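Worksheet: one structure, shown below.
Chains as they are written, first to last, in the working numbering: chain A, 1 to 323; chain B, 1001 to 1366.
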């Protein structure tokens, strides 16, 4: 009896840049579609895609068009001087006609049904919130947006937000200073969900404020790994059981769970390799997981049902996964 | 452990509501009211004078009597008991006993889309209907394809149907006559591709004979061997499509690709009960005679599947769910579960996916 070999991968396609438009200082909006114009996979607000610029240059961008439009996607890209050159390349080289390898979409920032929302955007973090806002508005939810940026000219999509009137508060730092998180988040509200996307400083500040909010109220998305407490002890090794594959493996201190799974020839999805994209989420059967990702919240971690195998490890001697 | 294990089986019977479901076929919706149950909600369907399909809540606002037991009068539907009349938007427009229309007298109207084959109805948040599109099956109305099929209710949960479509390696066990002989050998690698909302898979088989009945229809020698390719896709919780391609390389039909396309519109009636409309389309032997040969073959197979899924549901109902052993070939089914689970969590949650998941697993759920 031969073992069925199974390869699981994410949707990947070469898409054509149809439009490349500067929508604010340092921000370009790209419209992408299939070369033959066929429909692209459906997605929901909060979804993002990978631009596979080359084998080790993969960048994540939120979709910021309407999910009802399946013939094209739009992303907004900030020229980030400190990145490894991904956004520079997009800014300098992407013109109408450019072909880009796109993986996804996937969604780890889904818009959960609620009567009230507080959206908080910092700079380019506005992108995933645009389709969320459209959906919240269509659903008749009570919502507000706080949108901070360095200066008005650097803040993208202000024109599209104008239709929402005073639900939107635009806060350019050079005119009005920082976002007033104290008055927005100082008093926890029981039936409001908070959605935040932006630079790490904003995310950490919002997380701090939301500690007093009901569990599950805060939803945020990071596009770079959350700063981790430095690991003081040496990594330990543990046994890894892949239940479906019927394999028992050893994860040595210097290798990730993902690496060991792949070396054993078992197919598992993965993308960012730093615990931010959520692609490698795997069901845990047994084991005390040492979560080190930036996706799962405290409650999800405590449930011990899923783990991101690219970064997380195990404290107990054996980890059993549904793979 | 057993408690935790059963809660993780995903067999909660919870179904996404923010989804287009095929509530009826276009041919079934007429000037006579048609009552259907979808997501534990009564829905009445009818056509207005200009042919537009309308879906309303199947319950008169005045007394608990189904509108589907009434009659269509012009663009209105009239209750067969109270005589209350409702327009296509669900507003009460006539009350027999008084000239004033009671304030707020109305029934829910559901967004409808029609594609020439199915009448798709949206029972979720009405405002979101415009932001999602029903998946399309254009070949069902294309004259290059001949289509046959049937529809019925299956006493099994939506998820059991999807899991069945996600892995067809069981066909050789269930119905050796219909099964392509390659399914009896150990399968080639399964390639599964996922997006946020869809799962598709494919397998390419080494040259092998095709079923005798298909060889006869194609006028090919029964023993001739052909490369075959299987593809399937979960497009939404309401639609599964797949195809089986036969690549003929030898004369006299060199370089022809003969294809069956399958469409399964599945609509949750309630937990443990599903409406299943299946269509089998082919790009060869388009004549009626071939249809007469094929219809009983496929009907027999899908009836077998229906009985098996109903048996599984009875076992679940009697003994409760358990943690199931998964094998490598289940990769697509597991991704489908994950998508459905996340959709339900996002819809029901005042919290995050984890919390909503726990809520949906509360005792009382199946």
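Even glycine gets a Cβ: it sits at the ideal position worked out from N, Cα and C.
Since the structure is predicted, the reported quantities are computational estimates derived from the model, not experimental observations.
So, with DSSP's three-state summary, where would you put residue i?
i                       : result
residue 122 of chain A  : strand
residue 1288 of chain B : helix
residue 54 of chain A   : strand
residue 67 of chain A   : coil
residue 1075 of chain B : coil
residue 1091 of chain B : strand
residue 1325 of chain B : coil
residue 1230 of chain B : strand
residue 209 of chain A  : helix
residue 1029 of chain B : coil
residue 1042 of chain B : strand
residue 1066 of chain B : coil
residue 170 of chain A  : strand
residue 92 of chain A   : helix
If you draw a straight line from the alpha carbon of residue i to that of residue j, how long is it in whole angstroms?
i                       : j                       : result
residue 1 of chain A    : residue 1313 of chain B : Reliability fails at residue 1 of chain A, whose pLDDT of 38 lies under 50, so the model's placement of it is uncertain and the value that follows must be treated cautiously. The alpha-carbon atoms of residue 1 of chain A and residue 1313 of chain B are separated by roughly 30 Å.
residue 38 of chain A   : residue 65 of chain A   : 17 Å
residue 73 of chain A   : residue 31 of chain A   : 6 Å
residue 121 of chain A  : residue 242 of chain A  : 40 Å
residue 139 of chain A  : residue 1339 of chain B : 22 Å
residue 1032 of chain B : residue 130 of chain A  : 44 Å
residue 287 of chain A  : residue 1040 of chain B : 39 Å
residue 48 of chain A   : residue 1101 of chain B : 49 Å
residue 1223 of chain B : residue 1212 of chain B : 9 Å
residue 28 of chain A   : residue 90 of chain A   : 9 Å
residue 1044 of chain B : residue 1035 of chain B : 4 Å
residue 1119 of chain B : residue 295 of chain A  : 39 Å
residue 1233 of chain B : residue 1092 of chain B : 42 Å
residue 1056 of chain B : residue 1105 of chain B : 13 Å
residue 1287 of chain B : residue 1146 of chain B : 8 Å
residue 319 of chain A  : residue 240 of chain A  : 5 Å
residue 1171 of chain B : residue 1063 of chain B : 48 Å
residue 1265 of chain B : residue 1152 of chain B : 11 Å
residue 1221 of chain B : residue 1297 of chain B : 20 Å
residue 1262 of chain B : residue 71 of chain A   : 24 Å
residue 203 of chain A  : residue 116 of chain A  : 20 Å
residue 1325 of chain B : residue 303 of chain A  : 21 Å
residue 1162 of chain B : residue 1015 of chain B : 12 Å
List the residues of chain B whose Cβ lies closer than 9 Å to the Cβ of residue i, in chain order.
i                      : result
residue 9 of chain A   : 1191, 1192, 1193, 1194
residue 106 of chain A : 1194, 1195, 1196
residue 96 of chain A  : The premise fails here: residue 96 of chain A is roughly 25 Å from chain B at the closest Cβ pair, so nothing lies under 9 Å.
residue 188 of chain A : What residue 188 of chain A touches in chain B: nothing, since even the nearest Cβ is about 14 Å away.
Check the Cβ of residue i against every Cβ in chain B and list those closer than 8 Å, keeping chain order.
i                      : result
residue 113 of chain A : 1125, 1346, 1347, 1348, 1349, 1350
residue 173 of chain A : Within 8 Å Cβ-Cβ: nothing; residue 173 of chain A doesn't reach chain B, min ~30 Å.
residue 128 of chain A : The premise fails here: residue 128 of chain A is roughly 13 Å from chain B at the closest Cβ pair, so nothing lies under 8 Å.
Apart from the five residues on each side of it in sequence, which residues of its chain come closer than 8 Å, Cβ to Cβ, to residue i?
i                       : result
residue 1175 of chain B : 1300, 1301, 1304
residue 1225 of chain B : 1207, 1208, 1209
residue 199 of chain A  : 122, 123, 125
Note down, in chain order, each residue of its chain lying with its Cβ closer than 6 Å to the Cβ of residue i, except the 5 sequence neighbours on either side.
i                       : result
residue 1364 of chain B : For residue 1364 of chain B, the predicted structure reports a pLDDT of 28, less than 50, and the residue's modelled location is therefore unreliable. A value from the coordinates is still provided. So no residue of the chain qualifies.
residue 1357 of chain B : In this prediction, residue 1357 of chain B has a pLDDT of 34, which is less than 50 and means its spatial position is unreliable; nothing more can be read from the coordinates.
residue 1193 of chain B : 1200
residue 1230 of chain B : 1203, 1244
residue 1236 of chain B : 1019, 1135
residue 1278 of chain B : 1149, 1264, 1302
residue 1124 of chain B : 1017, 1018
So, for residue i: in the same chain, excluding its five sequence neighbours on each side, which residues have a beta-carbon less than 7 Å away from its beta-carbon?
i                       : result
residue 269 of chain A  : 8, 9, 10, 279, 280
residue 34 of chain A   : 13, 15, 40
residue 1352 of chain B : With a pLDDT of 40 at residue 1352 of chain B, under the threshold of 50, the modelled position of that residue is not reliable, and no figure is offered here.
residue 1144 of chain B : 1283
residue 375 of chain A  : This structure gives no information on residue 375 of chain A, because the portion of chain A shown stretches from 1 to 323.
In chain B, which residues lie less than 7 Å from residue i when you measure between Cβ atoms?
i                     : result
residue 62 of chain A : The premise fails here: residue 62 of chain A is roughly 12 Å from chain B at the closest Cβ pair, so nothing lies under 7 Å.
residue 5 of chain A  : 1189
Chain A partners of residue i, CB-CB under 8 Å?
i                       : result
residue 1326 of chain B : 243, 244, 322
residue 1133 of chain B : 42, 68, 70
Taking Cβ-Cβ distances shorter than 9 Å, what residues in chain A pair up with residue i?
i                       : result
residue 1130 of chain B : 68, 138
Please list the residues of the stretch 32-56 of chain A that have a C-beta atom closer than 7 Å to any C-beta atom in chain B, keeping them in chain order.
-> 41, 42, 43, 44, 47
Between the stretch 1328-1351 of chain B and chain A, which residues of the former have a C-beta closer than 9 Å to a C-beta of the latter?
-> 1328, 1329, 1330, 1331, 1332, 1334, 1335, 1338, 1342, 1343, 1345, 1346, 1347, 1348, 1349, 1350, 1351
Chain B contacts from the stretch 131-158 of chain A (Cβ-Cβ distance under 8 Å) | 134, 135, 138, 139, 140
Residues from the stretch 298-320 of chain A in contact with chain B, defined by Cβ distance under 8 Å = 299, 300, 303, 305
Name the residues in the stretch 1030-1063 of chain B whose C-beta lies less than 8 Å from a C-beta of chain A; which are they?
-> none
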